[in-house]
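Engineer: Per the numbering used here, residue 1411 is the first one in the sequence shown, and the count goes up by one each step.
For glycine and all other residues, C-beta sits at the position ideal for the given N, C-alpha and C.
In this text, all values refer to a predicted model and were calculated from it rather than measured experimentally.
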Amino acid sequence: MLMNKNYNRYFKASTQIKLNEQTIFGTVNIVQQGEFPENINFNNILKKLEIIVPEHFIQNLDGIYVGDYDFLLKRDLNALYKDGVIYVMPEQDDEQDVYEDIVHEIAHCVEETYGMDIYEDGKIEEEFLRKRRALLDILKAYGYNEVSDAAYGNTEYNKKFDEFLYLMVGYPTLTQLTPNLFVSPYGATSLREYFANCFEEYFARRQYDHVKKISPAVFEKIELLLGIN
Ligand SMILES: [Zn+2]
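#1: Under the DSSP definition of a beta bridge, which residues are partnered with Val1557?
#2: Contact between the region 1524-1533 and the region 1501-1510 is defined here as three or more beta-carbon pairs at a separation below 8 angstroms; is this criterion met?
#3: Do you know how far the Cα of Tyr1552 is from the Cα of Asn1644?
#4: In this structure, what does DSSP give as the bridge partners for Tyr1497?
#5: Could you check the C-alpha separation between Pro1626 and Tyr1604 for me, to the nearest Å?
#6: Counting only the same chain and skipping the five closest in sequence on each side, list residues whose C-beta sits under 6 angstroms from that of Phe1592.
#7: By the three-class DSSP mapping on this structure, what secondary structure does Gln1366 have?
#8: By Cβ distance below 7 angstroms, which residues in the same chain neighbour Gln1586 in space, the five residues on each side in sequence not counted?
#9: By the 10 Å Cβ neighbour count, where 16 or more other Cβ atoms means buried, how is Ala1517 classified, buried or exposed?
#10: Could you say which of Leu1482, Ile1434, Glu1445 and Gly1444 lies nearest to Pro1464 if we only look at CA atoms?
#11: Helix, strand or coil: how does DSSP classify Gln1443 here?
#12: Is Ala1606 close to ligand 1? I mean its beta-carbon at under 7 angstroms from any heavy atom of the ligand.
#13: Is it right to say Leu1483 is buried, meaning 16 or more other beta carbons lie within 10 angstroms of its own, or is it exposed?
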């Protein structure tokens, strides 16, 4: 037991030492505390971020940390934005997955900086709730009654609702039943995830027309944010 603990401490210390100190945009610290699989070149991802993401979007982003963090493992998350830092798990399928995860978390950072510009007029919320009502009609018609009707009207993240969509209905079924409702099923999770999901589709997959067609209110706000300097 003690041996293991000591070994872990040594291992952690040695990986810390290996850190290649690096920044992107001149201000965002890159801290690598875990190794990506061989097929993922993190530098390629970082270069792409610098090209695609406008600099004013990351003004509150202090760092991107890569590692097997307990708080990600416990919640079964691939990435998380918290207090100015994006945490990413290194064990992912390919470069595009990691890139999309980071862009998604940048959306949450942007929400923090430009929350008023994004949400104050209520247009995105209105669009989101309209989609949730359509979702309710469709899922009830197919016999999915595991959550209350009121749950569809809640814009906040709710674990039970998330699990209902992800585990009970399942994303492949959701995609089939609601092809033109959300850019991808995760967008149905909450208002903030609705925004981040569209942001990811726009900046990581560059499907501008898709966002414009499915979620015009979010598209409009993204265009507005691009114009802020
Ligand atoms: Zn998110």
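Structural biologist: Straight from the coordinates:
#1: BP columns for Val1557 are empty, so no partner.
#2: no
#3: Residue coverage of the chain in this structure runs from 1411 to 1639, which leaves residue 1644 outside it and unanswerable.
#4: Per DSSP, the beta-bridge partners of Tyr1497 are Tyr1475 and Leu1490.
#5: 12 angstroms
#6: Ala1598
#7: This structure gives no information on residue 1366, because the portion of the chain shown stretches from 1411 to 1639.
#8: When the five nearest sequence neighbours on each side are left out, no beta carbon in the same chain lies closer than 7 angstroms to the beta carbon of Gln1586.
#9: buried
#10: Ile1434
#11: coil
#12: yes
#13: exposed
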